[in-house]
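Residue numbers (my numbering): 518 to 678.
In this text, a Cβ means the ideal position worked out from N, Cα and C, and glycines have one as well.
These notes are about the structure you will find just below.
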């Protein structure tokens, strides 16, 4: 759990830095466009890439904080045993999705764009680096889902003892 807390703090810090970065980037874009009358060429692309990272890493952070959308009406009406089984099934479905779509699919996307040497227009960054947030966030969500399953079964075993 110490490693998970370290990952939580690192992820939260990364998101804070990204939010500050996008704020400063957009402010500079407005100042350079309307005050200096010479818009910076990189700010639009940079803010777009930062927003991608914020959105996808933010999804992993929201999953960890249980701040994501969920339909709990059916689950909450069940007995403790059925509730635990349903929640475990949901976590397993999340893991399967993340393995297939985010980690495997994201890795394939990263590999393909690096192989094709796709470069962003204004910044000159390899697009594979931008897309690497997909497998990274997928791995984080998988780790968080495993922690959720462990906590769910450990906490329920303590309650029944």
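*Report yes or no: do the segment 566–576 and the segment 518–535 share at least 3 C-beta pairs separated by less than 8 Å?*
Between the segment 566–576 and the segment 518–535, the count of C-beta pairs closer than 8 Å reaches three or more; the two stretches touch.
*Check the C-beta distance from residue 645 over to residue 630 and give it rounded, since I have them as a contact under 8 Å.*
As a first step, residue 645 must be located in the chain shown, where it is residue number 128. As a first step, residue 630 must be located in the chain shown, where it is residue number 113. Between residue 630 and residue 645 the Cβ distance is about 4 Å, and since that is below 8 Å, they are a contact.
*Roughly how far, in whole angstroms, is the beta-carbon of residue 592 from the beta-carbon of residue 603, given that I think they are within contact range, below 8 Å?*
In the chain shown, counting from the first residue as 1, residue 592 sits at position 75. In the chain shown, counting from the first residue as 1, residue 603 sits at position 86. Correct: roughly 5 Å between the Cβ atoms.
*asked:* If you follow the alpha helix (DSSP H) that residue 611 is in, where does it begin and where does it stop?
replied: Within the chain shown, numbered from 1, the residue matching residue 611 stands at position 94. 597–614 is the span of the alpha helix (DSSP H), which, as asked, contains residue 611.
*Please name the residue, chosen from 562, 621 and 615, that lies closest to residue 643 on a Cα-to-Cα basis.*
Within the chain shown, numbered from 1, the residue matching residue 643 stands at position 126. The residue among 562, 621 and 615 with its C-alpha nearest the C-alpha of residue 643 is 562.
*Cα-Cα, which of 545, 567, 538 and 518 is closest to residue 649?*
Counting from 1 along the chain shown, the entry for residue 649 is found at position 132. Closest option to residue 649, judged by alpha-carbon separation, among 545, 567, 538 and 518: 567.
*asked:* On a Cα-Cα basis, can you pick out the residue from 523, 560, 550 and 539 that is closest to residue 637?
replied: Position 120 of the chain shown, counting from 1, holds the residue named residue 637. The residue with the shortest Cα to Cα distance from residue 637 is 560.
_Cβ neighbours of residue 661 in the same chain (closer than 6 Å, five flanking residues each side left out)_ = Here residue 661 is taken as the residue at index 144 of the chain shown, counted from 1. Short of 6 Å from the beta carbon of residue 661, and not among the five residues preceding or following it, lie these beta carbons of its own chain, in chain order: 580 and 581.
_Going by DSSP in three states, residue 636 sits in which element: helix, strand or coil?_
The residue labelled residue 636 in the question sits at position 119 within the chain shown. Residue state for residue 636 is assigned as strand, using DSSP reduced to three classes.
*Candidates 616, 551 and 651: which alpha carbon is nearest residue 570's?*
Counted from its first residue, the chain shown places residue 570 at position 53. Measuring from the Cα of residue 570, the nearest candidate turns out to be 651.
*At what residues does the alpha helix (DSSP H) containing residue 564 begin and finish?*
Here the question's residue 564 lines up with position 47 in the chain shown. Where residue 564 is concerned, the enclosing alpha helix (DSSP H) stretches over 560–581.
_Other residues of its chain near residue 627: CB distance less than 6 Å, five sequence neighbours each side excluded_ = Walking along the chain shown from the start, residue 627 turns up at place 110. Closer than 6 Å at Cβ, skipping near neighbours: 645, 648 and 649.
*If you count every other CB in all the chains shown that lies within 10 Å of the CB of residue 619, and 16 or more means buried, which is it?*
On the chain shown, residue 619 is found 102 positions in, with the first residue counted as 1. Result: buried.
*Limits of the unbroken alpha helix (DSSP H) element including residue 645*: Locating residue 645 in the chain shown gives position 128, where the first residue counts as 1. For residue 645, the enclosing alpha helix (DSSP H) starts and ends at 644–648.
*asked:* On a Cα-Cα basis, can you pick out the residue from 624, 540 and 639 that is closest to residue 653?
replied: Start at 1 with the first residue of the chain shown, and residue 653 comes out as number 136. Of the listed residues, the one whose Cα sits closest to residue 653 is 624.
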